[in-house]
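Accompanying notes for the structure given below.
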Amino acid sequence: MIKFGSYSPSRWKQVSPMMVGLAGILIASLVWQFRLRFPFDDTFISFRYAEHVASGYGLVWNIGGPHTEGYTNFLFILMLAAARFLTPNLLAAAQVIGLVSTIVTGFLIYGIASKARDSAVGMLAAAFYLLAPLTWINALSGMETSLFVMWTVLAIFFAIRNQLFAAFGAVFFIALTRPEGALLGLIIVAVGFSPRFGTEHRTLKGTATKAAIAFMLTLAMYAIWKWWYFGGLLPNSFYVKVLAGSHSPLPGLQYVRLFFESALALVLLSCGIRGWRDKLVAIAVLWSIALLIFYLFVLPLEGLYDRFLWPVFAMLCITGAIGTRDVVTRLHLSSFGIPAAIVLTAQIALLLAAPRTRQALAAHEEVWDASMDPIVRELKLLPHFDSLRLAYGDAGYVVYHSGIRHIDIFGLNDTRLARARSLDEKSAILRSEHPDIMLLPIYVRDSGTEWVEDAYGLAREPSFEAVATTEAFPYTLAWVLNTNSPYYQDCKTELIRTRTDSSGYFRSPPSTR
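Per my numbering, the very first residue in the sequence shown carries number 210; after that it's consecutive.
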């Protein structure tokens, strides 16, 4: 009988769930003090939609504007809208959801791996997940990542116990949290109807059939509602990130490769599993492969924190722990603790060296806030602020905190721009939306300036004039005014006034033509 320190396996089984929970709560309480370091710009897109839903305007980007699916986290937005009735601080609410989801996920990972092998394997799997820095950075990002992972692990937790109605219920919540979550439902159906995984029993197949039909009908009703409400089934991000033209047939290859490298130890450990026809292993592997393949074809506009593939990491924590146990058993080692400690240390070291982790740990909120807050203040001071239309590529922090009427240049929150296929078409659409101001990034060089983004050529036209600049991170921003706007002269006067020093000298922007 293998001993684990001073505990027998039965004693270890009794105390290990408590240890997982305490570890999760302890880590959550320690990382809370760093919570302002990790939200990024997209976080505030969800907050704007949630604010509008809570205020009764519906799922719209601009109050009074068309219904817009500029997000991929419908359930998360509804949860934030509900939280808005309890607190105005949506960032704190989102981060609490993330932390609670992470702690629950640790419990579920422990339960799944323990059922597959034993409680020591469950502890190792939970440690792989809870001791990964990006697990907690994702929880504090303010995004739906941790909630998505929790629903995923919960669905698999129920599926391997043949609680199929509960499993498909969790999958439905996954699909509402992120649409690619519906893939897991197809995988559970495929595994559930395969005799290779011990599901040939007539009663179990009957239950699987009823559960699958209920899931598909519910998903169909959601799809019908989306078509009625938005006029389409696909979110704007699908058009921008998947259907947009790219020079590479696999635009997400680097994103997937970097993730794969950071989880290499878990991948190798997973190869040590005995019994690949196990239902859990089949679902975990197929789900991981499906997500990895899907994101090969997605253009990751913001590849921060490996958030899109973090459900794969959760699966690898489980399969890696199982693989470690099976290798130890095959080698007839007398102790599981020492090999477990070695592989856990190796995986943590690999994650700490990963570019995504280093990028996240290097984040400092004062750099971003110091850059964006002055822009928010300046916008609010402009004449006719409530009537202005701002065209700006970053749709998060500045737009949420200012509350300005916004035209999303990239199209994530503008359905017409998202579905436009050519630059000329996008230019015509942007022109038809009559922006009063464009905030566009420029390179400032010794020889002059260059556009980083010229809003599909409009900034180079005579009817638009760059009147001022603002130092921001990571680019200098040019304030480009529409000379045909009824607010042009008032806004220009204000922007020049705020840039005139005590001697009366006007610090004009460099020429951007």
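All C-beta atoms, glycine included, are put in the ideal place defined by N, C-alpha and C.
By a C-beta neighbour count over all protein chains shown, 10 Å radius and 16 as the cutoff for buried, is residue i buried or exposed?
i: N298; result: exposed
i: G461; result: buried
i: R586; result: exposed
i: F294; result: exposed
i: H615; result: buried
i: Y601; result: buried
i: F682; result: exposed
i: W436; result: exposed
i: Y652; result: exposed
i: Y589; result: Per the sequence shown, residue 589 should be read as Lys rather than Tyr. K589 is exposed by the Cβ-count criterion.
i: E659; result: exposed
i: T554; result: exposed
i: N347; result: buried
i: P644; result: buried
i: K419; result: exposed
i: D655; result: exposed
Near residue i, which residues of its chain fall below 8 angstroms by C-beta distance, leaving aside the five closest residues on each side in sequence?
i: A423; result: F374, F377
i: G267; result: H261, H276
i: A523; result: T314, I318, Y338, V358, T361, V362
i: F202; result: Since the displayed the chain opens at 210 and closes at 722, residue 202 lies outside it and no answer follows.
i: Y504; result: G461, Y464, V465, F517, L518
i: N271; result: R614, H615
I'd like to confirm the pairing. Which residues does DSSP put opposite residue i in its beta bridges?
i: N691; result: F673
i: I551; result: According to DSSP, which records beta bridges pairwise, I551 is partnered with nothing at all.
i: A600; result: I616, M647
i: E659; result: Y652
i: V269; result: H276
i: L686; result: P650, T679
Excluding sequence positions up to five away, which residues of its chain have a Cβ less than 7 angstroms from the Cβ of residue i?
i: A290; result: A259, V262, A263
i: F381; result: F424, T427, L428
i: S479; result: L525, T528, G529, G532
i: L591; result: L597, C700, E703
Report the three-state DSSP secondary structure of residue i (helix, strand or coil).
i: L649; result: strand
i: H276; result: strand
i: M581; result: helix
i: C480; result: coil
i: P372; result: Residue 372 is actually Gln in this sequence, not Pro. Q372 falls in the coil class under three-state DSSP.
i: F545; result: coil
i: Y504; result: helix
i: R565; result: helix
i: R184; result: The structure shown does not extend to residue 184, since the chain is modelled only from 210 through 722, so no value can be given for it.
i: S310; result: helix
i: G378; result: helix
i: L621; result: coil
i: R466; result: helix
i: W437; result: helix
i: D595; result: helix
i: G457; result: Looking at the sequence shown, residue 457 is not Gly but Ser. Three-state DSSP puts S457 in coil, outside helix and strand.
i: M210; result: Caution applies to M210, whose pLDDT of 39 falls short of 50 and renders its modelled position unreliable; the value that the coordinates give is listed next. Coil at M210, not helix or strand.
i: E353; result: coil
i: D535; result: helix
i: M228; result: helix
i: F249; result: coil
Starting from residue i and walking both ways along the alpha helix (DSSP H), at which residues does that stretch end?
i: Y606; result: 606–611
i: Y697; result: 697–706
i: A668; result: From DSSP, A668 is part of no alpha helix (DSSP H); its letter is neither H nor E.
i: A472; result: Looking at the DSSP string, A472 is not in any alpha helix (DSSP H), and its letter there is neither H nor E.
i: T281; result: Segment: none, T281 is in no alpha helix (DSSP H) and carries neither H nor E.
i: E260; result: 252–263
i: N445; result: 445–450
i: Y514; result: Taken as a continuous stretch (DSSP letters only), Y514 belongs to no alpha helix (DSSP H), as it is neither H nor E.
i: W345; result: 342–348
i: S636; result: 632–641
i: G401; result: 391–401
i: A572; result: Note, A572: premise wrong, no alpha helix (DSSP H); not H, not E.
i: V295; result: Looking at the sequence shown, residue 295 is not Val but Leu. Element bounds for L295: n/a, residue is neither H nor E.
i: M332; result: 328–339
Please work out which residues of its chain come closer than 6 angstroms, Cβ to Cβ, to residue i, disregarding the five sequence neighbours upstream and downstream, and give them in chain order.
i: S225; result: S328, M332
i: G214; result: Because G214 carries a pLDDT of 45, less than 50, the predicted location of this residue cannot be relied on, and the following value inherits that uncertainty. Correct list: empty, nothing qualifies.
i: I618; result: A600, G602, A664
i: K212; result: For K212, the pLDDT reaches just 46, beneath the cut-off of 50, and the residue's location in the model is therefore unreliable, leaving the point undetermined.
i: L501; result: V465
i: W156; result: Residue numbering for the chain in the displayed model covers 210 to 722; residue 156 lies beyond these limits and cannot be assessed.
i: A474; result: A555, Q556, L559
Taking only beta-carbon atoms, is residue i less than 8 angstroms away from chain B?
i: M332; result: Absent here is chain B; the protein component of the structure consists of one chain.
Any heavy atom of the ligand SAM inside 7 angstroms of the beta-carbon of residue i?
i: D595; result: Absence of the ligand SAM from the depicted structure is noted, as is the absence of any ligand whatsoever, leaving it without description.
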